[in-house]
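Going by the numbering used here, the sequence shown opens with residue 275, and the numbers climb by one from there.
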Amino acid sequence: MNRQQDNPNNIFIAIVLSMAVLLGWQVFIAGPRMEAERAKQRQAQEQTAAAAPKAGETPATAPAGGSAPAVPGTGQAATPQDGAPGATSAPTAPAAAQPPATREAALQSGSRVPIATPSLAGSINLKGGRIDDLTLTRYHVTADPKSANVVLFSPANAPEPYFAEHGWVAGAGTGQKMPDRDTLWRAEGAAKLTPESPVTLVFDNGQGLIFRRTISIDANYMFKITDEVRNTSAAPALLHPYARIYRYGTPKTEGFYIQHEGLIGFIGDNRLHELTYADVLKEGGGKEWTDVKTGWLGFVDKYWSAAIVPEQSASYKAKLDCIRPDRASPCTKLAGKDQFQTDYLRGAVAIPAGGATTVDALLFAGAKQVHLINEYEAKLQIREFNYLIDWGWFYFITKPLFQLLSWLYGHLGNFGLAILAVTVIVKAAFFPLANKSYESMARMKKLQPQMEQLRERFKDDKARQQQELMALYQKEKINPLAGCLPILLQIPVFFALYKVLFVALDMRHAPFYGWIKDLSAPDPTSLFNLFGLLPFAVPEFLHIGAWPVIMGLTMWLQMQLNPKQPDPTQQMIFNWMPVLFTFLLASFPAGLVIYWAWNNVLSLAQQWFIMKKQGTEVPIAQNIKATFLPIMNLVRGKGSGGDGSKR
Numbered sequence: 275m276n277r278q279q280d281n282p283n284n285i286f287i288a289i290v291l292s293m294a295v296l297l298g299w300q301v302f303i304a305g306p307r308m309e310a311e312r313a314k315q316r317q318a319q320e321q322t323a324a325a326a327p328k329a330g331e332t333p334a335t336a337p338a339g340g341s342a343p344a345v346p347g348t349g350q351a352a353t354p355q356d357g358a359p360g361a362t363s364a365p366t367a368p369a370a371a372q373p374p375a376t377r378e379a380a381l382q383s384g385s386r387v388p389i390a391t392p393s394l395a396g397s398i399n400l401k402g403g404r405i406d407d408l409t410l411t412r413y414h415v416t417a418d419p420k421s422a423n424v425v426l427f428s429p430a431n432a433p434e435p436y437f438a439e440h441g442w443v444a445g446a447g448t449g450q451k452m453p454d455r456d457t458l459w460r461a462e463g464a465a466k467l468t469p470e471s472p473v474t475l476v477f478d479n480g481q482g483l484i485f486r487r488t489i490s491i492d493a494n495y496m497f498k499i500t501d502e503v504r505n506t507s508a509a510p511a512l513l514h515p516y517a518r519i520y521r522y523g524t525p526k527t528e529g530f531y532i533q534h535e536g537l538i539g540f541i542g543d544n545r546l547h548e549l550t551y552a553d554v555l556k557e558g559g560g561k562e563w564t565d566v567k568t569g570w571l572g573f574v575d576k577y578w579s580a581a582i583v584p585e586q587s588a589s590y591k592a593k594l595d596c597i598r599p600d601r602a603s604p605c606t607k608l609a610g611k612d613q614f615q616t617d618y619l620r621g622a623v624a625i626p627a628g629g630a631t632t633v634d635a636l637l638f639a640g641a642k643q644v645h646l647i648n649e650y651e652a653k654l655q656i657r658e659f660n661y662l663i664d665w666g667w668f669y670f671i672t673k674p675l676f677q678l679l680s681w682l683y684g685h686l687g688n689f690g691l692a693i694l695a696v697t698v699i700v701k702a703a704f705f706p707l708a709n710k711s712y713e714s715m716a717r718m719k720k721l722q723p724q725m726e727q728l729r730e731r732f733k734d735d736k737a738r739q740q741q742e743l744m745a746l747y748q749k750e751k752i753n754p755l756a757g758c759l760p761i762l763l764q765i766p767v768f769f770a771l772y773k774v775l776f777v778a779l780d781m782r783h784a785p786f787y788g789w790i791k792d793l794s795a796p797d798p799t800s801l802f803n804l805f806g807l808l809p810f811a812v813p814e815f816l817h818i819g820a821w822p823v824i825m826g827l828t829m830w831l832q833m834q835l836n837p838k839q840p841d842p843t844q845q846m847i848f849n850w851m852p853v854l855f856t857f858l859l860a861s862f863p864a865g866l867v868i869y870w871a872w873n874n875v876l877s878l879a880q881q882w883f884i885m886k887k888q889g890t891e892v893p894i895a896q897n898i899k900a901t902f903l904p905i906m907n908l909v910r911g912k913g914s915g916g917d918g919s920k921r
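Have a look at this one:
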């Protein structure tokens with residue numbers, strides 16, 4: 275078999291292998307991630323919709339939720355607080371032997387003070403004084419507005435506990451009883467926590483200490499907790515204020531490197547600390563700090579977060595970790611699951627006999643809305659609170675791009691239109707550079723006959739062929755790499771837009787027109803059932819939506835305007851790159867694919883205009899034939915000859 279006949283076979287093999295790699299990526303990586311996210315949404319929706327345990331259902335075993343705190347400077351463990359800071363003793367058993375099996379039943383099992391704001395619904399558990407029931411009223415599990423609302427916090431005896439707690443730890447020499455998880459607080463004043471009406475909880479330990487906790491909330495997601503202790507005894511008391519967020523089990527995460535999900539804190543040393551759940555579970559994987567000021571710490575999900583914020587002038591010790599008996603021990607599992615906790619423990623507060631003290635703290639629990647996070651940082655003087663949103667290393671591109679998208683959305687009323695408008699603005703910004711690139715490419719296309727002559731003339735001397743080609747480029751003042759410039763210019767914007775679509779809550783469930791109901795999710799249609807016209811479901815890895823197909827077609831048309839590559843194999847691969855990108859981008863957010871397709875259309879128009887202006891022919895029909903004829907010949911069992919004959 276001669277070399278000319280081998281060439282198409284090598285091309286065909288290269289294309290098949292490339293397609294196999296992309297299909298493998300879809301089947302084993304993109305597909306499972308999409309299915310895991312859908313399963314996560316279904317599970318959350320089912321849990322929210324469930325009203326009570328079914329008849330005859332065996333109640334689940336609830337986790338205890340943590341361990342006892344250590345008093346600084348003493349090494350002594352305080353009275354177990356069900357997971358207060360310090361973690362120096364083993365987890366204690368649940369107070370109830372058989373806790374409720376569902377979240378709803380858990381909420382009905384004790385006395386509560388309801389929470390009602392425009393953004394949150396839930397309740398405060400009078401047993402333990404915890405904020406352990408929060409639902410985001412503005413957000414749904416799926417794009418369907420009739421689906422269940424997103425649940426953030428759940429009680430300790432629910433299937434997936436996640437809650438915030440504030441309290442006190444007795445200092446050295448103080449034998450007073452502290453409020454703990456079994457303490458039943460008494461609510462006085464308002465019977466419901468709203469932005470207009472704070473709630474005050476009271477506990478008298480019967481030994482001369484009276485604890486009063488006043489909880490207020492704004493119209494969004496920020497709680498203020500004011501803890502007052504009055505000492506009516508004859509002896510002074512030494513107490514340590516603390517706060518913690520406890521999370522039971524490793525939650526399902528997106529698993530993408532592009533965004534952090536897990537434990538987070540901006541603590542003490544002017545650094546952001548991010549720990550994934552897997553990081554924490556490693557030996558010595560958690561982090562601790564002593565004698566730090568300012569900052570905050572908590573948990574972040576893709577769109578939601580919970581963070582505790584101490585008084586920024588107070589000194590405290592902090593921890594991001596799992597529950598461990600001590601720092602040298604592995605994480606302690608409870609009912610087969612891991613336990614995670616972020617907490618801080620402030621320095622000792624002395625309360626003289628007959629005196630009182632008050633400490634303040636903040637709790638953020640809700641949606642990571644950009645403008646809200648920025649407002650909280652500025653108004654409440656929370657240091658670098660904007661790091662709750664992961665803008666990434668290229669924040670200097672992603673943040674301005676988000677602001678531009680938001681501004682355009684305010685004028686256009688649709689984030690899809692805002693993306694199209696941003697594309698036009700970006701194209702306009704790079705217009706001069708792109709013009710030079712396209713002019714160089716147009717001149718190269720005009721030189722194709724001369725280049726072909728040089729290749730034919732020096733076909734047996736590759737080094738001389740390259741020298742002559744470079745001399746021709748220099749003579750005509752052409753940069754052979756100019757064709758790469760438009761693509762290179764797109765990469766930073768493409769990545770920044772991908773980041774914005776992925777992390778910005780504003781893009782979640784944002785619709786476009788037609789079948790796109792969520793710009794942050796992949797196109798739900800598929801080419802392989804004619805975009806829903808045929809009545810059968812398509813496997814995840816074959817979900818090649820209408821917008822990815824449009825993107826692929828526009829990309830292919832644009833590439834037909836580029837000069838022909840000197841190597842036939844390289845040219846064939848370039849011709850089939852749009853097909854590969856179609857499969858690759860099928861699992862990307864629809865908003866990103868729409869951006870790429872629209873950018874291709876604008877680039878196509880710009881390049882066509884310049885080529886016509888330069889007097890360059892645009893033989894798209896010939897390129898179509900050159901692309902598909904070798905493949906058709908292989909299918910028919912013919913050689914590479916354009917006339918169908920074997921050579």
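Every residue gets a Cβ at the ideal spot worked out from N, C-alpha and C, and that includes glycine.
Next item on the list: Let me know the beta strand (DSSP E) ranges lying completely inside the region 368-440, each 3 residues or longer, listed in chain order.
Entry: Runs of the beta strand (DSSP E) lying entirely within the region 368-440 and spanning at least 3 residues, in chain order: 386-390, 394-399, 404-414 and 423-427.
Check: What are the boundary residues of the beta strand (DSSP E) that Thr-631 is part of?
Finding: One-based indexing of the sequence shown puts residue 631 at position 357. Where Thr-631 is concerned, the enclosing beta strand (DSSP E) stretches over 630-641.
Notebook entry, point to check: Between Cys-605, Tyr-772 and Val-767, which lies nearest to Ile-699 when the distance is taken from Cα to Cα?
Noted result: Position 425 of the sequence shown, counting from 1, holds the residue named residue 699. Answer by Cα proximity: Val-767.
Notebook entry, point to check: According to DSSP, which residues form a beta bridge with Thr-500?
Noted result: Here residue 500 refers to the residue found at position 226 when the sequence shown is read from its first residue. Per DSSP, Thr-488 and Asp-634.
Margin query: Tell me the DSSP secondary structure of Ser-589 in three-state form.
Written below: Start at 1 with the first residue of the sequence shown, and residue 589 comes out as number 315. DSSP places Ser-589 in coil when its eight states are reduced to three.
Notebook entry, point to check: Gln-613 to Ala-695, Cα distance in whole Å?
Noted result: By 1-based counting over the sequence shown, the position of residue 613 is 339. By 1-based counting over the sequence shown, the position of residue 695 is 421. Their Cα atoms are separated by approximately 46 Å.
Next item on the list: Report all residues from its chain with a CB closer than 8 Å to the CB of Ser-393; omit the five preceding and five following residues, and keep chain order.
Entry: The residue given as residue 393 occupies position 119 in the sequence shown. Excluding positions up to five away in sequence, the list reads Leu-410, Thr-411, Arg-412, Ala-493, Asn-494, Tyr-495, Gly-640 and Ala-641.
Item checked: Residue environment, Asn-431, which counts as buried when at least 16 other CB atoms sit within 10 Å -> Against the sequence shown, residue 431 aligns to sequence position 157. Asn-431 sits buried, since 16 or more C-beta atoms from the chains shown fall within 10 Å of its C-beta.
Check: Going by beta carbon distance, what residues of the same chain come within less than 7 Å of Phe-239, once the five residues before and after it are set aside?
Finding: Examination of residue 239 is not possible in this model, given that the chain is present from 275 through 921 alone.
Check: Cα-Cα, which of Leu-426, Lys-401, Glu-535 and Gly-684 is closest to Phe-477?
Finding: The sequence position of residue 477 within the sequence shown is 203, counting from 1. Nearest of Leu-426, Lys-401, Glu-535 and Gly-684 to Phe-477, Cα basis: Lys-401.
Next item on the list: Would you list the residues sitting across from Arg-518 in a DSSP beta bridge?
Entry: As a working mapping, residue 518 is identified with position 244 in the sequence shown. Its beta-bridge partners are Glu-439 and Asp-617.
Next item on the list: Output yes or no for whether 7 Å exceeds the beta carbon distance between Val-922 and Phe-676.
Entry: There is simply no residue 922 to check, as the chain begins at 275 and stops at 921 in what is shown.
Check: For Gly-536, which beta-bridge partners are listed by DSSP?
Finding: Residue numbering aside, residue 536 sits at position 262 when the sequence shown is read from its first letter. Gly-536 pairs with Val-574.
Notebook entry, point to check: Can you check whether the CB of Ala-461 is closer than 7 Å to the CB of Leu-483?
Noted result: For the purposes of this step, residue 483 is identified with residue 209 of the sequence shown, where counting begins at 1. For the purposes of this step, residue 461 is identified with residue 187 of the sequence shown, where counting begins at 1. In this structure, Ala-461 does not lie closer than 7 Å to Leu-483 by Cβ.
Note to self: Rounded to whole angstroms, what is the Cα-Cα separation between Lys-466 and Thr-457?
What the structure shows: Indexing the sequence shown from 1 puts residue 466 at position 192. Indexing the sequence shown from 1 puts residue 457 at position 183. Between Lys-466 and Thr-457, the C-alpha separation is close to 20 Å.
Check: What residues are listed by DSSP as bridge partners for Cys-596?
Finding: As a working note, residue 596 is residue 322 in the sequence shown. Phe-614.
Checklist line | Cross-strand partners of Phe-477 (DSSP beta bridge) | finding: Counting from 1 along the sequence shown, the entry for residue 477 is found at position 203. Phe-485, per the DSSP bridge assignment.
Check: Can you tell me whether Ala-627 is buried or exposed, with buried defined as 16 or more other CB within 10 angstroms of its CB?
Finding: Your numbering for residue 627 matches position 353 in the sequence shown. Exposed, since its Cβ has fewer than 16 Cβ neighbours within 10 Å.
Notebook entry, point to check: If Thr-226 sits next to Asp-501, beta carbons under 8 Å apart, how far is it from one beta carbon to the other, in whole angstroms?
Noted result: Because the chain in this structure spans residues 275 to 921, residue 226 falls outside the shown range and cannot be described.
Next item on the list: In angstroms with no decimal places, state the Cα-to-Cα distance between Tyr-520 and Tyr-590.
Entry: For the purposes of this step, residue 520 is taken as the residue at position 246 of the sequence shown. For the purposes of this step, residue 590 is taken as the residue at position 316 of the sequence shown. If you take the alpha carbons of Tyr-520 and Tyr-590, they lie about 18 Å apart.
Note to self: Tell me which residues share the same chain as Ile-671 and place their Cβ nearer than 7 Å to its Cβ, disregarding the 5 neighbours each side in the sequence.
What the structure shows: Your numbering for residue 671 matches position 397 in the sequence shown. Hits under 7 Å: Pro-766 and Ala-770.
Margin query: What does the alpha-carbon distance come out to for the pair Ala-417 and Val-823?
Written below: Locating residue 417 in the sequence shown gives position 143, where the first residue counts as 1. Locating residue 823 in the sequence shown gives position 549, where the first residue counts as 1. Cα-Cα distance, rounded: 23 Å.
Checklist line | Proximity below 7 Å, CB of Thr-606 to CB of Asn-873 | finding: Here residue 606 is taken as the residue at index 332 of the sequence shown, counted from 1. Here residue 873 is taken as the residue at index 599 of the sequence shown, counted from 1. No, the Cβ-Cβ distance between Thr-606 and Asn-873 is not below 7 Å.
Notebook entry, point to check: Can you tell me whether Ile-287 is buried or exposed, with buried defined as 16 or more other CB within 10 angstroms of its CB?
Noted result: Indexing the sequence shown from 1 puts residue 287 at position 13. Only weak support is given to the placement of Ile-287: the predicted model assigns it a pLDDT of 49, under 50, and the question is left unresolved by the model.
Notebook entry, point to check: Exposed or buried, what is Glu-557 when buried is set at 16 or more other beta-carbons lying within 10 Å of its beta-carbon?
Noted result: In the sequence shown, residue 557 corresponds to position 283, counting from 1. Glu-557 is exposed by the Cβ-count criterion.
Note to self: Quick check: does the Cβ of Ser-603 come within less than 6 Å of any heavy atom belonging to the ligand SAH?
What the structure shows: You won't find the ligand SAH in this model; it holds no ligand whatsoever.
Margin query: Measuring only the C-alpha atoms, how far is Gly-569 from Val-583?
Written below: What you label residue 569 is simply residue 295 of the sequence shown in a count that begins at 1. What you label residue 583 is simply residue 309 of the sequence shown in a count that begins at 1. For Gly-569 and Val-583, the distance between alpha carbons rounds to 7 Å.
Notebook entry, point to check: Do Ala-820 and Thr-799 have their CB atoms nearer than 7 Å?
Noted result: Taking the sequence shown and counting its residues from 1, one reaches residue 820 at position 546. Taking the sequence shown and counting its residues from 1, one reaches residue 799 at position 525. Contact flag set, yes.
Check: Pick from Gln-832, Gly-826 and Pro-852: whose alpha carbon is nearest that of Pro-881?
Finding: Against the sequence shown, residue 881 aligns to sequence position 607. Sequence check: residue 881 is Gln here, not Pro. Selected option, being the one with the closest Cα: Gln-832.
Checklist line | Residue range of the unbroken beta strand (DSSP E) whose run includes Ile-625 | finding: In the sequence shown, residue 625 corresponds to position 351, counting from 1. Segment 623-625, the beta strand (DSSP E) holding Ile-625.
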